[in-house]
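So in UniProt numbering the end of the sequence shown lands on 397, straight run, no missing numbers.
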Amino acid sequence: MAISSSSLSLEALDLDPAFALHRGGKLGVRSTVPVRNADDLSLAYTPGVAKVCTAIAEEPELAADYTWVSNVVAVVSDGTAVLGLGDIGPAAAMPVMEGKALLFKEFAGVDAVPICLDCTDVDALVETVVRLAPSFGGINLEDISAPRCFEVEDRLRELLDIPVFHDDQHGTAIVALAALKNAARLTGRPLGDLRAVVAGAGASGVAVSRILLGAGIGDIAVADSKGLIYEGRDGLNPVKQALARDTNKAGLRGSTEEALAGADVFIGLSGSTVSEAAIASMASDAIVFALSNPTPEVHPEVARRHATVVATGRSDFPNQINNVLAFPGVFRGALDVRARTITENMKVAAAEALAAVVGDDELSADYVIPSPFDERVAPAVIAAVTAQARADGVARL
Numbered sequence: 001m002a003i004s005s006s007s008l009s010l011e012a013l014d015l016d017p018a019f020a021l022h023r024g025g026k027l028g029v030r031s032t033v034p035v036r037n038a039d040d041l042s043l044a045y046t047p048g049v050a051k052v053c054t055a056i057a058e059e060p061e062l063a064a065d066y067t068w069v070s071n072v073v074a075v076v077s078d079g080t081a082v083l084g085l086g087d088i089g090p091a092a093a094m095p096v097m098e099g100k101a102l103l104f105k106e107f108a109g110v111d112a113v114p115i116c117l118d119c120t121d122v123d124a125l126v127e128t129v130v131r132l133a134p135s136f137g138g139i140n141l142e143d144i145s146a147p148r149c150f151e152v153e154d155r156l157r158e159l160l161d162i163p164v165f166h167d168d169q170h171g172t173a174i175v176a177l178a179a180l181k182n183a184a185r186l187t188g189r190p191l192g193d194l195r196a197v198v199a200g201a202g203a204s205g206v207a208v209s210r211i212l213l214g215a216g217i218g219d220i221a222v223a224d225s226k227g228l229i230y231e232g233r234d235g236l237n238p239v240k241q242a243l244a245r246d247t248n249k250a251g252l253r254g255s256t257e258e259a260l261a262g263a264d265v266f267i268g269l270s271g272s273t274v275s276e277a278a279i280a281s282m283a284s285d286a287i288v289f290a291l292s293n294p295t296p297e298v299h300p301e302v303a304r305r306h307a308t309v310v311a312t313g314r315s316d317f318p319n320q321i322n323n324v325l326a327f328p329g330v331f332r333g334a335l336d337v338r339a340r341t342i343t344e345n346m347k348v349a350a351a352e353a354l355a356a357v358v359g360d361d362e363l364s365a366d367y368v369i370p371s372p373f374d375e376r377v378a379p380a381v382i383a384a385v386t387a388q389a390r391a392d393g394v395a396r397l
C-alpha cells in the first residue's frame, strides 16, 4: 500500500523499523586525515593542495595515487527497474543505491557514491556518466531497465578506461554460475551434460544465459513473456535475436513449462509462475533456481518435492543467490590492480572462486552457495579477479 507523507507523520513512519533505519539516509562522509591546526589545514587545503593539483595536471594518472578516485565507485541508476518495484523514478531509487553503497563498504571496503539520474534517454545517460567518470575508479550500473541497460553498458565500456559493471546482469550471473557449478558437483554431473531452461530475457536472464554458455552448459533455452526464444521468431529485439542464434539448439518452441519436460535445470528470473507439474516433469536430480523476489516462480517447499537442489533469491530459504556475494569482491579486485575493464574471464574467475569456498565436506543440497557473511567470500573473489585481470592484460598494477 502506498504511504502518503500527508497522511502519516514522520514519527508514525518511524514506528516501522525499516523507516527508522533509513531515517537520515544510510551513508555519510568521513575524513581520512586530521585537520587539527593551521599546519594541517595548509597541507590538506591551500596552499599545499596546489602542489598536488599541479602534479596531477602534468601527469593525470597521479590522481589514482593522490586522490580517493582509485577506491571509489559510482552506483548509478535512472530508477527505471528498481528491485521488483519497476519504474519508480530516481528519487525513490535512492534508498536502494544507498544500500548498494553500504554493501560495497561493509563487504569489501570500497567507497561508493549513490547517483540517481533524472534522465532515461540512452544518449543522455551515457553522456552524463562519461562526464562524471573522472571522479571515480569504477561505475556500477544499477536498476536500469532492459533492453536499454545493454546499450548503456556497452557504450560506456567502449568510452571509458575504468570498470563498468551492470550488477543486475553480471552480479546475478556470477553467483548463479557458482551455485550451479556446485549443484552439478553435488549431483555428479558436468555442466556440459545439463540442459537448462531460463525464464526471463531481461538484464539478469540474458547475462545468466551468456555466462552459462561461456561455462559450457550443454544446452539452454530462454523464454520471455511470449514463450521460448528461437531463431525466426517474430518481434525479437537485437539482444534476443543474438540469444536465439546461440541458444536452444534443440529448437524448442512453446512455453517455459513445456520446455521443462526432461530438463535438468530451471532458472527463474521473470516474476512469472511455474506449476508443480512442470517441475515434476524435469529430469531426475533436477536443479531449480527460482530467483524472482519477493515471490519465487515456484515455492521452494513445492520444488523440493521433485528437485534435488533448490535455490531462491530470498534470505529465509537455503541457497540464497545474492549479488552481494559477487560485486564487492569483483570491484575490490578490479580497483586493487586499477583494471581498465572487467572481462568475461574475470567474471568466470569470480564464479569459480565463489564456488570453491564451499568445500566437499560442506557441500549439500541446502548449501551449494556460501552465505554473504562468510568471511572467506570476499578475499577469494578479490584474489581471483586480480589474478585474472593481470592474466587478461587489463591491470595497470
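For glycine and all other residues, C-beta sits at the position ideal for the given N, C-alpha and C.
This structure is a prediction, so every number in the text was calculated from the model and none was measured.
> Around the C-beta of D65, are 16 or more other C-beta atoms found within 10 angstroms, so that it is buried, or is it exposed?
Replying inline: exposed
> Three-state secondary structure (DSSP) at S77?
Replying inline: strand
> Out of curiosity, what's the CA-to-CA distance linking D289 and G251?
Replying inline: Here the sequence assigns Phe to residue 289, which means Asp is not the residue at that position. Taking the straight line from one Cα to the other gives about 23 Å.
>> For F266, list the residues DSSP reports as bridge partners.
In response: V197, V288
> Does the Cβ-Cβ distance between V73 and V110 come in under 8 Å?
Replying inline: yes
>> Contact between the segment 74 to 82 and the segment 290 to 301 is defined here as three or more beta-carbon pairs at a separation below 8 Å; is this criterion met?
In response: With a cut-off of 8 Å, the segment 290 to 301 and the segment 74 to 82 do not count as touching, because too few Cβ pairs lie within range.
> What three-state label does DSSP hand S5 in the structure shown?
Replying inline: Since pLDDT at S5 reaches only 48, below the 50 mark, its modelled position is unreliable, and no value is offered.
> With a cut-off of 8 Å, do at least 3 Cβ pairs link the segment 356 to 372 to the segment 177 to 195?
Replying inline: yes
> Which one of A389, L325, Q388 has the shortest CA to CA distance from S371?
Replying inline: L325
> Roughly how many angstroms separate the alpha carbons of A242 and E258, rounded to a whole number?
Replying inline: 22 Å
> Is it buried or exposed for F150, if we count other Cβ within 10 angstroms and need 16 for buried?
Replying inline: buried
>> DSSP has A311 in a bridge; who is on the other side?
In response: F289
> Between which two residues does the beta strand (DSSP E) containing G138 stretch?
Replying inline: 138 to 141 is the span of the beta strand (DSSP E), which, as asked, contains G138.
>> Taking the alpha helix (DSSP H) that I174 belongs to, which residues open and close that run?
In response: 167 to 186
> In terms of residues, what are the limits of the alpha helix (DSSP H) holding A44?
Replying inline: 38 to 44
> For N140, is the classification buried or exposed, using 16 other Cβ atoms within 10 angstroms of its Cβ as the cut-off for buried?
Replying inline: buried
>> What would DSSP say about C119, mapped onto helix, strand or coil?
In response: coil
> Going by DSSP, which residues form a beta bridge with residue 424?
Replying inline: With the chain represented from 1 up to 397, any question about residue 424 goes unanswered, as that position is not in the structure.
> DSSP three-state call for L102: helix, strand or coil?
Replying inline: Three-state result, L102: helix.
> Is it a yes or a no for the segment 337 to 352 touching the segment 375 to 393, going by three-plus beta-carbon pairs under 8 Å?
Replying inline: yes
> For the alpha helix (DSSP H) that contains I211, what are its first and last residues?
Replying inline: 203 to 215
>> Can you give me the C-alpha to C-alpha distance between A215 and A380, rounded to a whole angstrom?
In response: 19 Å
>> From the DSSP secondary-structure annotation, give me the bridge partner or partners of S364.
In response: Y367
> What is the C-beta distance between M282 and A311, in whole angstroms, given that I count them as a contact (C-beta under 8 Å)?
Replying inline: Not quite, the Cβ-Cβ distance comes to about 15 Å (not below 8 Å), so this is no contact.
> Shortest alpha-carbon distance to A389 belongs to which of R155, N237, I162?
Replying inline: In terms of Cα proximity to A389, the closest of R155, N237, I162 is I162.
>> Do A112 and K100 count as a contact pair if the criterion is CB distance below 8 Å?
In response: Cβ distance < 8 Å, so K100 and A112 count as in contact.
> Do you know how far the Cα of T295 is from the Cα of residue 399?
Replying inline: Within the shown structure, residues of the chain are numbered from 1 to 397, placing residue 399 beyond reach of any answer.
>> Quick check on DSSP: helix, strand or coil for L228?
In response: Note: L228 maps to strand in three-state DSSP.
> How long is the line joining the alpha carbons of T32 and D123, rounded to whole angstroms?
Replying inline: 37 Å
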